[in-house]
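A.B. asks: At position 151 of the sequence shown (counting the first as 1) the number is 151 in this note's numbering, and the numbers step up by one without a gap.
This structure is in structure tokens; I'll ask about it shortly.
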Amino acid sequence: MKTGVWVVIIAAIAVDALKTPTHIIKFKESVNSTAEMMRSLILNQHRTYLLANHQKISAKSRKALSEDEMLVWADSLSKKLSLESIAVDKDFLAVAGVFGDENFVEYLHTKDDIEYVEANQIYTTALVVPRDETPNQNIKKGLAANWGLARITQRQKQPLDEYFFDESAGTGIHVYVLDSGIHVNHRDFENRASLMSNFIYDEEDHDLNGHGIKEVMSIAEPGKSVINLSISGSKSRVLNEILDKAVTEYKIPVFVSAGNNGGMDACFLSPSSNPNVFTVGASDMDDHVTYYSNVGSCVQIYAPGHRITSAWIGGTDAMKVVDGTSMSNPHVTGIAAALLAHRNFENPAQLYDVLTKIATKDVLLFNSSRHTTASSNLLAYHDLGQPA
């Protein structure tokens with residue numbers, strides 16, 4: 001696959017950064033404010049809370065404060081909140097900050113202009129620890145360094161050392177990958193990948209983690225704008241609402257990993273619990289759903305995710321064999337990108353529907369002792385003919 005454009009957005013949170021409790025405060029849509037005004041609103045709320053509760057707080061220190069001292073004291077504490085504004089658009093305004101006092105968090109829940117307050121969370125990439133291995137007309141045939149590319153072009157499983165692909169697939173399409181980074185100089189990208197944004201304050205633009213580059217390389221068949229997000233963690237109202245906006249308002253299909261919690265119900269996690277995204281679980285070379293892949297009614301499809309050969313960090317030729325639903329997700333994102341290059345869809349739901357309709361049905365085997373939650377038996381399929 002030689003076409004398509006990959007854009008990577010780096011976003012991660014250092015674990016040390018969350019040792020002090022942090023929260024995200026979501027304002028109601030009726031609040032019309034700027035970023036600076038949002039921060040001021042929370043600072044004022046914090047100052048009001050401190051002054052209203054100064055007797056309880058000062059009692060702990062056994063020191064009575066004068067009125068002027070209380071104002072200075074309240075201002076000094078409020079300045080330590082480290083507030084950052086979040087504005088997706090005029091209807092999604094929030095502030096994140098460091099709030100060590102749980103009583104203040106509860107106090108915020110009672111305010112009329114605040115919709116909810118949610119604890120900030122760490123989300124991990126849906127990747128199983130890599131192995132230290134090094135792999136050995138438009139429709140063309142090639143050697144499959146990644147067996148998954150061969151499997152998604154076969155209805156019945158055949159030898160996985162060769163695969164067919166459409167060299168023009170994904171022309172004019174952008175895939176936005178939200179991940180740990182990218183090594184844009186890797187030879188396999190052939191100048192098709194670029195770094196768009198870096199949201200890690202203390203890290204350089206190139207990938208120091210490795211997860212970002214394998215994410216992009218795993219999507220072998222690009223296809224107008226799609227988002228690939230391979231993280232998993234506790235259910236988050238903030239994350240789900242932001243993805244809702246991307247899908248329902250901006251009409252951008254979002255593809256996410258089911259997560260690697262050993263057969264857990266993906267409906268208990270984010271972003272896989274969001275009904276507006278397309279969630280992908282992992283299968284292996286024998287068409288078994290992998291032991292680590294999450295399952296359940298929130299998983300729409302499965303794709304190869306076990307022992308996948310991917311570009312990696314460490315050099316322009318570096319490769320790695322890795323496992324995880326974060327390897328499955330790019331296979332499906334790539335199929336979606338190829339479909340988008342062939343035809344127009346009114347909304348992401350139509351694209352999702354086509355992906356499930358063309359999928360190979362009832363070939364997957366589930367571990368009955370581990371995968372106890374009902375799940376769709378659909379294996380991702382890339383139709384090299386006309387899209388359904």
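Beta carbons: idealized from backbone N, C-alpha and C, even for Gly.
So, helix, strand or coil for Tyr176, using DSSP?
C.D. replies: Position 176 of the sequence shown, counting from 1, holds the residue named residue 176. Note: Tyr176 maps to strand in three-state DSSP.
A.B. asks: Please classify Leu83: does DSSP put it in a helix, a strand, or coil?
C.D. replies: By one-based count along the sequence shown, residue 83 stands at place 83. Coil, per DSSP.
A.B. asks: DSSP puts Asp265 in a beta bridge; with which residues?
C.D. replies: Here residue 265 refers to the residue found at position 265 when the sequence shown is read from its first residue. Paired residue(s): Val295.
A.B. asks: Beta carbon of Val280, beta carbon of Tyr302: below 9 Å?
C.D. replies: Indexing the sequence shown from 1 puts residue 280 at position 280. Indexing the sequence shown from 1 puts residue 302 at position 302. In contact: Val280 and Tyr302 (Cβ atoms closer than 9 Å).
A.B. asks: What's the gap between the Cα of Val247 and the Cα of Pro159?
C.D. replies: What you label residue 247 is simply residue 247 of the sequence shown in a count that begins at 1. What you label residue 159 is simply residue 159 of the sequence shown in a count that begins at 1. The straight-line gap from Cα to Cα measures roughly 37 Å.
A.B. asks: Decide yes or no for the touch test of the segment 255 to 263 against the segment 103 to 115: beta carbon pairs closer than 8 Å, at least 3 of them.
C.D. replies: no
A.B. asks: Between Ile252, Phe92, Gly233 and Ala359, which lies nearest to Ile173 when the distance is taken from Cα to Cα?
C.D. replies: Working through the sequence shown from its first residue, we reach residue 173 at position 173. Residue Ile252 is the option with its Cα nearest to Ile173.
A.B. asks: So, under 8 Å CB-CB, Ala96 and Glu84 are touching, yes? Tell me the CB distance rounded to an integer number of Å.
C.D. replies: Residue numbering aside, residue 96 sits at position 96 when the sequence shown is read from its first letter. Residue numbering aside, residue 84 sits at position 84 when the sequence shown is read from its first letter. About 5 Å separates the two Cβ atoms, so the contact holds.
A.B. asks: Taking just the CA atoms, how far does Ser236 sit from Phe278?
C.D. replies: If you number the sequence shown from 1, residue 278 lands on position 278. If you number the sequence shown from 1, residue 236 lands on position 236. Using only the alpha carbons, I get a separation of about 17 Å.
A.B. asks: Beta-carbon separation of Val256 and Val175 under 9 Å?
C.D. replies: Here residue 256 refers to the residue found at position 256 when the sequence shown is read from its first residue. Here residue 175 refers to the residue found at position 175 when the sequence shown is read from its first residue. Contact: no.
A.B. asks: Along the alpha helix (DSSP H) that carries Asn103, what are the first and last residues, could you check?
C.D. replies: Within the sequence shown, residue 103 is the residue found at index 103, counting from 1. From DSSP, the alpha helix (DSSP H) with Asn103 extends over Glu102 to His109.
A.B. asks: Grouping DSSP H, G and I as helix and E and B as strand, with all else coil, what is Asn138?
C.D. replies: One-based indexing of the sequence shown puts residue 138 at position 138. Because Asn138 sits at a pLDDT of 46, beneath the cut-off of 50, its placement in the model cannot be relied upon, and the point is left open.
A.B. asks: Would you mind working out which of Asn240, Asp323, Tyr381 and Ile308 sits nearest Tyr389, comparing C-alpha positions?
C.D. replies: Nothing can be reported for residue 389, as the shown portion of the chain is limited to 1 through 388.
A.B. asks: If you draw a straight line from the alpha carbon of Ser368 to that of Val295, how long is it in whole angstroms?
C.D. replies: Position 368 of the sequence shown, counting from 1, holds the residue named residue 368. Position 295 of the sequence shown, counting from 1, holds the residue named residue 295. C-alpha separation (whole angstroms): 12 Å.
A.B. asks: With a floor of 4 residues, list each alpha helix (DSSP H) that falls wholly inside the segment 320 to 369, ordered by position along the chain.
C.D. replies: Within the segment 320 to 369, the complete alpha helix (DSSP H) runs of at least 4 residues are 325 to 342 and 348 to 358.
A.B. asks: With a 10 Å radius around its C-beta and 16 neighbouring C-beta atoms as the bar for buried, classify Gln156 as buried or exposed.
C.D. replies: To locate residue 156, count along the sequence shown from 1; it is residue 156. So Gln156 counts as exposed.
A.B. asks: I'd like to check one pair, Trp147 with Pro304: are the Cβ atoms closer than 9 Å?
C.D. replies: Reading the sequence shown from its first residue, position 304 is the one you call residue 304. Reading the sequence shown from its first residue, position 147 is the one you call residue 147. Yes; because the gap between Cβ atoms is below 9 Å, this pair is in contact.
A.B. asks: Could you name the residues of the same chain whose beta carbon sits closer than 7 Å to that of Cys298, not counting the 5 residues immediately before and after it, in chain order?
C.D. replies: Within the sequence shown, the letter at position 298 stands for residue 298. Within the same chain, Cys298 has close Cβ partners Ala266, Cys267, Ser272, Ser273 and Thr279.
A.B. asks: Any idea what DSSP makes of Asp89, helix, strand or coil?
C.D. replies: If you number the sequence shown from 1, residue 89 lands on position 89. Under the three-state reduction of DSSP output, Asp89 falls in the strand class.
A.B. asks: Measure how close the beta-carbons of Tyr116 and Lys26 come, nearest whole angstrom, since I'm counting them as under 8 Å.
C.D. replies: Taking the first residue of the sequence shown as 1, we reach residue 116 at position 116. Taking the first residue of the sequence shown as 1, we reach residue 26 at position 26. About 5 Å separates the two Cβ atoms, so the contact holds.
A.B. asks: Taking the continuous beta strand (DSSP E) assigned at Thr22, which residues delimit it?
C.D. replies: Locating residue 22 in the sequence shown gives position 22, where the first residue counts as 1. Counting along the chain, the beta strand (DSSP E) containing Thr22 begins and ends at Thr22 to Phe27.
A.B. asks: From this set, Glu241, Ser76, Leu50 and Asn53, which residue's C-alpha is nearest Ile24's C-alpha?
C.D. replies: Here the question's residue 24 lines up with position 24 in the sequence shown. Its Cα nearest to that of Ile24, the residue Glu241 stands out among Glu241, Ser76, Leu50 and Asn53.
A.B. asks: Taking just the CA atoms, how far does Gln45 sit from His342?
C.D. replies: By 1-based counting over the sequence shown, the position of residue 342 is 342. By 1-based counting over the sequence shown, the position of residue 45 is 45. About 53 Å.
A.B. asks: Cα-Cα, which of Leu239, Ile152 and Val177 is closest to Pro275?
C.D. replies: Taking the first residue of the sequence shown as position 1, residue 275 is located at position 275. For Pro275, the nearest C-alpha among the options comes from Leu239.
A.B. asks: Report the option in Ser375, Ser328 and Ile152 whose CA atom is closest to the CA atom of Ile358.
C.D. replies: On the sequence shown, residue 358 is found 358 positions in, with the first residue counted as 1. Residue Ile152 is the option with its Cα nearest to Ile358.
A.B. asks: Helix, strand or coil for Leu379? Go by DSSP, reduced to three states.
C.D. replies: The count along the sequence shown starts at 1 and reaches residue 379 at position 379. Strand.
A.B. asks: Write down the C-beta distance between Lys389 and Leu340 rounded to the nearest angstrom, noting that I regard them as a contact closer than 8 Å.
C.D. replies: The chain is shown from 1 up to 388; residue 389 falls before or after that span and cannot be answered.
A.B. asks: Please list, in chain order, all residues of the same chain as Asn347 whose beta carbon is under 6 Å from its beta carbon, the five residues on each side excluded.
C.D. replies: Indexing the sequence shown from 1 puts residue 347 at position 347. Contacts found: Lys251.
A.B. asks: Run through DSSP, which three-state label would Ser78 get?
C.D. replies: Here residue 78 refers to the residue found at position 78 of the sequence shown. Residue state, collapsed to three classes: helix.
A.B. asks: Should Gly100 go down as buried or exposed, given a rule of 16 or more other Cβ atoms within 10 Å for buried?
C.D. replies: The sequence position of residue 100 within the sequence shown is 100, counting from 1. Result: exposed.
A.B. asks: Compare the C-alpha of Asn32 against each of Leu229, Asp383, Phe92 and Leu71 and name the closest.
C.D. replies: Counted from its first residue, the sequence shown places residue 32 at position 32. The residue with the shortest Cα to Cα distance from Asn32 is Phe92.
A.B. asks: Check the DSSP bridge columns for Phe278 and list the partner residues they point to.
C.D. replies: Here residue 278 refers to the residue found at position 278 of the sequence shown. Answer is Phe255.
A.B. asks: To the nearest angstrom, how far is the alpha carbon of Val88 from that of Arg307?
C.D. replies: Start at 1 with the first residue of the sequence shown, and residue 88 comes out as number 88. Start at 1 with the first residue of the sequence shown, and residue 307 comes out as number 307. Straight-line Cα distance between these residues: approximately 37 Å.
A.B. asks: Relative to the C-alpha of Thr290, which residue among Leu365, Glu118 and Glu36 is closest?
C.D. replies: As a first step, residue 290 is located in the sequence shown; it is residue number 290 there, counting from the start. Nearest C-alpha to Thr290: Leu365.
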